[in-house]
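Worksheet: the structure to be examined is printed underneath.
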Amino acid sequence: MTSYKLLLLPGDGIGPEVMAEVERLIAWADAQGLAKIETETDLVGGCAYDAHGEAISEAAMMRALAANAVMLGAVGGPKWDGVPYDQRPEAGLLRLRKDLELFANLRPAICYPALADASSLKRELVDGLDIMIVRELTGGVYFGEPKEIVDLGKGQKRAVDTQVYETNEIERIATVAFELARKRSNLVHSAEKRNVMKTGVLWNEVVTRVHKEHYPDVTLQHILADNCAMQLVRRPKQFDVIVTDNLFGDMLSDEAAMATGSLGMLPSASLGEADARGKRRALYEPVHGSAPDIAGRGIANPIATIASFAMCLRYSFDLGEVADNIERAIAHVLDQGLRTADISQDGCKTVGTREMGDAILAALDRKA
Ligand code: IPM
Ligand code: MG
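Structure representation (structure tokens):
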């Protein structure tokens with residue numbers, strides 16, 4: 012059996028708690044003879060800053076580059092509010108994305124039927140929702156230069172962020188979106204602000220050309236990003252794949268996530284370019300943050316991280332069947348009425364992180 016190297020970066024806040032459940036799944040998969048996964052663990056975020064004075068050490072970066080995939084928990088928290096900008100916890104995550112060239116961020120927003128009532132939207136709007144947000148992850152205003160605050164004197168300052176995109180960056184993310192759409196419902200919405208931004212004009216132009224030249228069989232709709240935000244709460248099921256830039260993707264994915272019931276449910280995959288053997292560098296992480304308010308209490312929802320691990324099995328380790336089983340096990344425990352606090356519901360049993368992990372393992376065992 013092929014053996015894979017997985018780097019675990021649990022990070023801050025609830026990160027270590029939810030990652031512990033993934034470690035149990037890895038042990039389970041190994042015991043069942045389903046997967047051989049060698050893990051290493053390192054620091055990222057505030058905990059790395061505390062240990063090394065930077066949000067990710069060179070050694071951890073080397074490990075990330077050498078691994079077949081990386082699983083990340085979460086970074087950040089109020090404890091590090093005062094650290095210098097370049098060393099803030101988020102800088103570790105951004106460096107991983109940039110240096111591993113993980114330009115394609117896949118954020119599926121799926122509403123499990125059992126959770127349709129946990130959404131802030133009406134059940135009929137979200138029941139059966141299945142959207143894939145494809146967020147550009149290594150460009151745009153996150154990384155554009157200059158990025159600075161300049162002192163103008165007389166108590167005045169000027170802050171600058173730079174939104175910048177080049178043709179090839181848009182081409183490759185559009186390609187990912189069209190390819191995914193072909194395996195889904197064949198519809199892509201491309202969201203930008205071409206009415207205000209030059210990057211939006213170029214985005215629109217390049218996506219239109221990639222579509223015309225290579226994917227005329229896929230339905231393409233251009234949508235202004237603000238309208239997309241509105242439509243996501245008005246009629247979310249009209250969407251299949253949404254492709255958008257780094258900043259709009261950050262916001263639209265939080266919005267789509269909430270429509271499904273809880274941010275605690277949603278996984279993500281960040282992928283690089285495929286090499287000659289079709290292998291991509293990859294990092295998997297839940298969409299939610301470090302939730303410092305509930306950290307250390309054993310009540311965090313581990314499902315987003317477990318589902319991220321399922322994506323890792325599918326996209327990086329060719330273990331799609333095991334991934335399917337994990338996703339079915341998640342749906343099963345939800346059907347059974349088990350809920351962590353973030354998705355608690357009348358008539359359901361509220362459980363902690365560990366118990367949720369136990370239940371998912373038990374559901375897998377029944378299947379195995
Ligand atoms: C996300 C997060 C990150 C982002 C933060 C933690 C830097 O919000 O992954 O959506 O803005 O990309
Ligand atoms: Mg975000």
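Just so we're on the same page, our numbering is the position in the sequence shown counted from 1, plus 11. Heads up, the beta-carbon is just placed ideally off N, CA and C, and yes, glycines get one too.
| Asked | Found |
| --- | --- |
| Where do the ends of the alpha helix (DSSP H) carrying Asp162 lie? | Asp162 -> not in any alpha helix (DSSP H); beta strand (DSSP E) instead, spanning Gly155 to Gly164. |
| With distances taken between CB atoms, is the gap from Ala71 to Ala80 smaller than 9 Å? | no |
| By DSSP, does Asp228 sit in helix, in strand, or in coil? | coil |
| I'd like to confirm something about Ser273: is its beta-carbon nearer than 8 Å to some heavy atom of ligand 3, or not? | This structure lacks ligand 3; the ligands present are ligand 1 and ligand 2. |
| Identify the residues that DSSP records as bridge partners of Glu49: which are they? | Lys16 |
| Counting C-beta neighbours from all protein chains within 10 Å, is the total for Tyr326 16 or more, i.e. buried, or is it exposed? | buried |
| Can Asp265 be considered in contact with ligand 2, in the sense that its beta carbon sits closer than 8 Å to one or more heavy atoms? | yes |
| In the DSSP assignment, find the unbroken alpha helix (DSSP H) run with Asp2 in it and report its ends. | Since the first and last residues shown for the chain are 12 and 379, residue 2 lies out of range. |
| Whole angstroms are fine: how far does the CA of Ala240 sit from the CA of Glu190? | 23 Å |
| Looking at C-alpha atoms only, which residue of Asp53, Pro313 and Ala373 is the closest neighbour of Gly300? | Pro313 |
| Looking only at its chain, what residues have a beta carbon closer than 6 Å to the beta carbon of Arg291, apart from the 5 residues adjacent to it on each side? | Leu282, Gly283 and Ala285 |
| At 4 residues or longer, what runs of the alpha helix (DSSP H) sit wholly inside the segment 172 to 199? | 178 to 193 |
| Touch check for the segment 324 to 339 and the segment 50 to 57: three-plus C-beta pairs under 8 Å? | no |
| Jot down the residue ranges of each uninterrupted beta strand (DSSP E) in the segment 72 to 145, minimum 3 residues, whole runs only, in chain order. | 80 to 85 and 115 to 121 |
| Excluding the 5 residues preceding and the 5 following Ala125 in the sequence, name in chain order all residues of the same chain whose CB lies nearer than 6 Å to its CB. | Leu345 and Asp346 |
| Can you tell me which residues fall inside 5 Å of ligand 1, judged by beta-carbon distance to its nearest heavy atom, and keep chain order? | Glu101 and Asp261 |
| Should the segment 229 to 244 be called in touch with the segment 103 to 118, which here means at least 3 C-beta pairs below 8 Å? | no |
| Out of Asp335, Leu18, Ile144 and Ala192, which one is the CA nearest neighbour of Asp228? | Ala192 |
| Contact check, Thr364 vs Ile310 under 8 Å by CB: the rounded distance? | 6 Å |
| Using a threshold of 8 Å, is the CB atom of Val298 nearer than that to any non-hydrogen atom of ligand 2? | yes |
| Taking 6 Å as the limit between beta carbons, can you name the residues of its chain near Leu324, skipping five residues before and five after? | Leu330, Val333 and Ala334 |
| Just the Cα atoms here: how many angstroms apart are Asp265 and Leu163? | 36 Å |
| Just reading off the beta strand (DSSP E) that Thr255 is part of, what are its end residues? | Val252 to Thr255 |
| Can you name, in chain order, every residue of its own chain whose Cβ lies under 6 Å from the Cβ of Thr210, other than the five neighbours on each side? | Gln174 and Tyr176 |
| With DSSP as the reference, label Leu213 as helix, strand or coil. | helix |
| Exposed or buried, what is Ile184 when buried is set at 16 or more other beta-carbons lying within 10 Å of its beta-carbon? | buried |
| Between which residues of its own chain and Cys122 is the CB-CB distance below 8 Å, once the five residues before and five after are set aside? | Ser130, Val137, Asp138, Gly139, Leu140, Asp141, Ala270, Thr271 and Gly272 |
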